[in-house]
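Below is one structure, written out as structure tokens; the observations come after it.
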Amino acid sequence: MLQNVRGLAYRIQSFHGGSGNMSVRVGTNSRIDKGAQENQKSYVALTRILSNLVAGALVFLSVATLIVLLSQHMFARTIVSANAQTEGFFWAPYGQNCMLNANGFVPNTCSAVEESAIVPAAWTAVGVALAQQWSLELAKASSLYITTCSIGGTAAVGWANLEFIAGYTGFPECLPTNGAQPVAGMAMIETTIRENHPDGVYLMTLYSDLTPEMQLVQSYVSTDGSVAPLIESVKRTVITQAGGIENDVLGLSSIITSRPLGNRYLVTSACHTEIEELSGQISALGLTGWSQGAHSKLPIVPGWNCGHTVANANELIAIQVIFAIMTLLLLSGDLLTTYQGLKGVLGGKPVLTYAILSGLERRKLLLVCILVNAMPGLLYMDVSRIYYFTDNGFKIWSLSALMVASFVSFGWLLALSILDWLCRPLRSLLGQKCLTYSAPLYMYASIAAIFYLLAGNDILFKQVYNAFYAAPPFIGMFINNATWPSGAYVADGTPTAFTELQSDILTPLFVAWAASIGYATLHRIAMARRIFLSTNWCSTNSFLSHVTPPNVLTTLPLEQTNAIKIGNRMFCKPSTMALLGYATVLNAPDATASMKKGDEEFTIVSIYSLVLALYGPKWVCVTPRAVGDIIANTFRETKGPLDRTKSYIYTRGTCIS
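Position in the sequence shown (from 1) plus 1403 gives the number in this note's numbering.
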């Protein structure tokens, strides 16, 4: 009798192939069309295999992204940012009043609004420095017309600096629209910090139309391989708050720190002021107007060569490589099962398939490795925002956003898994009932929604770019009746991009999770007229009672209808075993021995060690441990390593009562 039951169970398992968690009815009156049933099974199996391939791509997304971002020098990078006299680059008119002569600003010509941008002594010194450095231009014109322009200085931007444009015969425009406007020179004022001036200073970067050294253009190659034409030998001057004028050899400003992964992996950003030559950018930026040296004929604009470094970057790379390898090893069993399933489906054979995302809650170690591997995405997002005005800026932002979306989505899955484990004492109190959610729906919806919100357009990208330079100032600049950061920042640094975007990231995450709960609950109500999943029946199964069912919250499809019922016995399918994190291997038969179906020796191992159990060399010191055996379709617990004197072959397993 026992043999007949065992054979019947085997035939049922073989017919369904463990390929799904579908309801199975056994009876002599069944009249389901066999061909339609086989087509349905193949469709379900293929759908799950494709889902697993996508899930595998999500898991290794951080690895692929790491390779791409490393090629973009994301741990040490310097890129020349684009700039132009347009509203898109935050330029705005500020004043057309100042006149400059050989002694500095002509008294009573500059407006009070312009003069209040910096401290009075420094403003006077700026006029003197401009007169000295534009002396050749003043030799041609007894006085120069000085237009002042602001960059930023609004709540939407959050930072500011001041631009000076000198004209020979009239005031130049801040936002030119009629092609090239001839100018005598341009200068940019911002704040910065120097060691010998602990109170902060002003940094002036200047271009002179007639100075011979400034008519040469160099091709600067950025770390991403892009080439930017820059004016050689521009003049950089430090203006102290007391009115001192000093030559500056550093040219550095906007030294900002950020700590997306803590102090150990401190991000330090800095900008080097430049004068950019715009010949190759006029068409690319769609400019209708720009400033051009009246005699040099060089189209120019002040700009920055910005970059960053990451402390202990090599350590971070090593951690990612190690955990990427660990992720591959821990996922190898699922990949092998998916491969065997795909091969079986294409060959028209019964297969074992399951949705791996639904089983991730039982693979906490794998989730930890995935999270550690994706966690640097927080750092990549933080540094990529520095490069908003660069050619590849949006690309690296998008890749970083994808990593962050994966990190928070997998992270919440791990948090839910740990929460369910901590609620084990409540299992009996709640009557062994669980609230369920659909892990595939949650993961795909969460990652897609977060990625779309962050990288669907550049609105949030621009927002966090400006927020980076809107860090608390050490010394600011008074523009538009407010003091704004302008290059000199406090040592505490700036809030991280993740901090700035918490609501934008977490809202779609929880909406996706709530939707997955709603979907799973409505599906159960429609199919079983119940809100909660009951796991009472699991206690009647020798295997499920051993591995402990979920307690209060799960994504596992443990409905009783997903088991096979024969008499008063409930059989757990191989696909359910795989979701729970276990696999079955078969003792390889001797070449001369004959073995009947139903007499095979099945051994259960952790799915983590499936590949090692099947293909691991005997000299490897790590031996997979057996969880138990399947004897007469009944689970028998065994403890200890696999017998390495035996060989094992892959099997889709058998049902367990």
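C-beta atoms are modelled at their ideal positions from N, C-alpha and C, and glycine is treated no differently. Please read all numbers here as calculations on a predicted model, not as lab measurements.
For the pair Leu1863 and Leu1857, the Cα-to-Cα distance works out to about 6 angstroms.
Leu1633 sits buried, since 16 or more C-beta atoms from the chains shown fall within 10 Å of its C-beta. With fewer than 16 other Cβ atoms from the protein chains shown falling within 10 Å of its own Cβ, Arg1667 counts as exposed.
Taken through DSSP and simplified to helix, strand or coil, Cys1772 comes out as helix. Every beta strand (DSSP E) stretch that sits fully inside the region 1691 to 1721 and reaches 3 residues is listed by chain position as 1692 to 1696, 1702 to 1713. Distance from the CA atom of Phe1726 to the CA atom of Leu1732, rounded to whole angstroms, is 10 angstroms. Rounded to the nearest angstrom, the gap between the Cα atoms of Glu1764 and Pro1875 is 42 angstroms.
Between Tyr1922 and Ala1991 a beta carbon distance of about 43 angstroms is seen, past the 8 angstroms cut, so the two are scored as non-contacting. Between Leu1781 and Phe1854, the C-beta spacing is not below 7 angstroms. In this structure, Asp1651 lies away from Arg1662, with their beta-carbon atoms at least 7 angstroms apart. Between Val1811 and Leu1904, the CB-CB gap reaches or exceeds 7 angstroms. The C-beta of His1711 has 16 or more other C-beta atoms within 10 Å across all chains shown, which makes the residue buried. Here Ser1629 carries a coil assignment [DSSP, helix/strand/coil].
Inter-residue distance for Asp1612 and Ala1532 is about 16 angstroms (C-alpha atoms, whole angstroms).
Straight across, the Cα-Cα distance linking Leu1619 with Ser1699 is about 10 angstroms. Per DSSP, reduced to three states, the secondary structure at Ala1485 is coil, with no helix or strand assignment.
With respect to Asp1785, Val1955 sits apart: the two C-beta atoms are not nearer than 7 angstroms.
Residue pairing by DSSP puts Val1620 in a beta bridge opposite Ile1634. Counting along the chain, no beta strand (DSSP E) covers Arg1827, and no H or E run does either. In the three-state reduction of the DSSP assignment, Gln1499 falls in the strand class, which pools E and B. About 4 angstroms separates the CB atoms of Phe2038 and Phe1946; that is less than 8 angstroms, so the two are in contact. For Thr2057, no alpha helix (DSSP H) segment is defined, and its DSSP state is neither H nor E. As DSSP reads the structure, Met1973 sits in a beta bridge with Lys1968. Boundaries of the alpha helix (DSSP H) harbouring Thr1527: 1523 to 1536, taken from the DSSP string. By the Cβ-count criterion, Ile1452 is buried, with 16 or more other Cβ atoms from all chains shown falling within 10 Å of its own Cβ. Under the three-state reduction of DSSP output, Gly1780 falls in the helix class. Between Thr1691 and Thr1580 the beta-carbon gap is near 5 angstroms, inside 8 angstroms, which marks them as a contact. In this structure, the beta-carbon distance from Pro1952 to Cys1941 falls below 7 angstroms.
As a beta-bridge residue in DSSP terms, Ala1885 pairs with Ile1882. In the pairwise beta carbon analysis, the region 1502 to 1510 is classified as not touching the region 1551 to 1563: fewer than three pairs are separated by under 8 angstroms.
Per DSSP, Glu1518 lies in no beta strand (DSSP E); the unbroken alpha helix (DSSP H) holding it starts and ends at 1515 to 1518. Short of 7 angstroms from the beta carbon of Ala1915, and not among the five residues preceding or following it, lie these beta carbons of its own chain, in chain order: Tyr1845, Ala1848, Ser1849, Ala1852.
With 16 or more other CB atoms across the displayed protein chains lying within 10 angstroms of its CB, Ile1759 is buried. Around Gly1984, the same chain offers Gly1762, Arg1765, Arg1766, Ser2009, Ile2010 as residues with beta carbons nearer than 7 angstroms, after the five sequence neighbours per side are excluded. A distance below 7 angstroms separates the beta carbons of Ser1636 and Met1617. Looking from the CA of Gly1896, the closest CA among Ile1722, Thr1660, Leu1982, Arg1788 belongs to Thr1660.
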